[in-house]
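Here the structure comes first, spelled out in structure tokens, and everything after it is commentary.
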Amino acid sequence: MTNKVVAIDGPSASGKSTVAKRVAAGLEFLYVDSGSLYRGITWKVLKEGVSIMDADKVAVMLKTVDIFFFVAAGAVRFKIDGVELKNEIRTVEVNENVSKIAAMPAVRSQVVSWLRDMHRFGNLVMEGRDIGTAVFPGTEYKFYLDASEEERARRRFQEIHDGVEKVTFSEVNESLKRRDTIDKGRKLDPLRVAPGAVIIDTTSMNIDQVVAFILERLKPLLRK
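Every position in the sequence shown, counted from 1, becomes a number in the numbering used here once 2 is added.
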């Protein structure tokens, strides 16, 4: 692999997406949201009426997914069945089910393969939950973002509350707890800190501070 990969991992609402986008822009790398792929598959499963609990049927459906990857606006993006999904993959229903889908071996294997292939597009800043541990374990640029449970719930609540769906803070908090349990407890590629990763507690940091901290660590890449 000649192109560089910066891995940014962490739990839900730890700030990965916003930070990764800005780090990618600062480095003039391409941004990759690995979670959007799992969300896209989850959306497809729900749309097709396939049981979330039936891993075999999900695996069969996965073989029929028509997915196309392309570069636009500084990111590697994708279309499923010819459609680029946006708000459709950010609903409460998708949020509640994506970790169950992401824990399925067939799904993880396929998504990891897709993600690894993306390095052909150029240098990447890729965010997710297993980028530094499973997708690109050999990269020397690894970061793990975290924050307190309350702060992550507050961020996710604000994100959802500003959108089209209205939920209570308590519902968001409980949803995050369930997702953490699934992500950290799954047998295949669980959420954990990658060996050699720089851990950043973002609880009391703003986006500018986190981005500046990471870019400072990545100064060698700015000169290449």
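Note that CB positions come from ideal geometry on N, CA and C, so glycine has one too.
Per DSSP, residue 129 is one residue of the beta strand (DSSP E) stretching across 126-130. When secondary structure is reduced to three states using DSSP, residue 35 falls in the strand class. Between residue 90 and the set 139, 128, 131 and 38, the nearest pair of CA atoms involves 38.
At a cut-off of 3 residues, the continuous stretches assigned as beta strand (DSSP E) that sit fully inside the segment 96-163 are 126-130 and 143-148. Between residue 101 and residue 185, the C-beta gap is smaller than 8 Å, which places the two residues in contact.
Just so you know, the alpha carbons of residue 121 and residue 183 end up roughly 30 Å apart.
If only complete runs of 3 or more residues are kept, the segment 12-63 shows the beta strand (DSSP E) at 32-35, in order along the chain. Counting every other CB atom within 10 Å of its CB across the protein chains shown gives residue 5 a total below 16, marking it as exposed.
According to the DSSP assignment, residue 214 belongs to no beta strand (DSSP E) but to the alpha helix (DSSP H) extending over 209-219. By alpha-carbon distance to residue 109, the top candidate from 177, 79, 67 and 119 is 67. In the DSSP assignment, residue 68 forms no beta bridge with any residue. Annotation for residue 14: 178 and 181 place their beta carbon closer than 6 Å to its own, counting only its chain and skipping 5 residues before and after.
The alpha carbon of residue 205 has as its nearest neighbour, out of 153, 168 and 57, the alpha carbon of 153.
Shown here for residue 125: same chain residues with a beta carbon closer than 6 Å to its own, the five before and five after excluded, namely 5, 6 and 31 in chain order. Counting along the chain, the unbroken alpha helix (DSSP H) around residue 174 starts and ends at 171-187. Annotation: the continuous beta strand (DSSP E) that includes residue 200 extends over 200-203. Residue 85 has 82 as its beta-bridge partners, per DSSP.
Between residue 36 and the set 78, 84, 194 and 202, the nearest pair of CA atoms involves 78. Here residue 136 is buried: its Cβ has 16 or more other Cβ atoms, across all protein chains shown, within 10 Å. If you ignore the 5 residues before and after residue 88, its C-beta comes within less than 7 Å of no other C-beta in its own chain. With contacts defined as CB atoms closer than 8 Å, residue 149 and residue 175 fail to qualify as a contacting pair.
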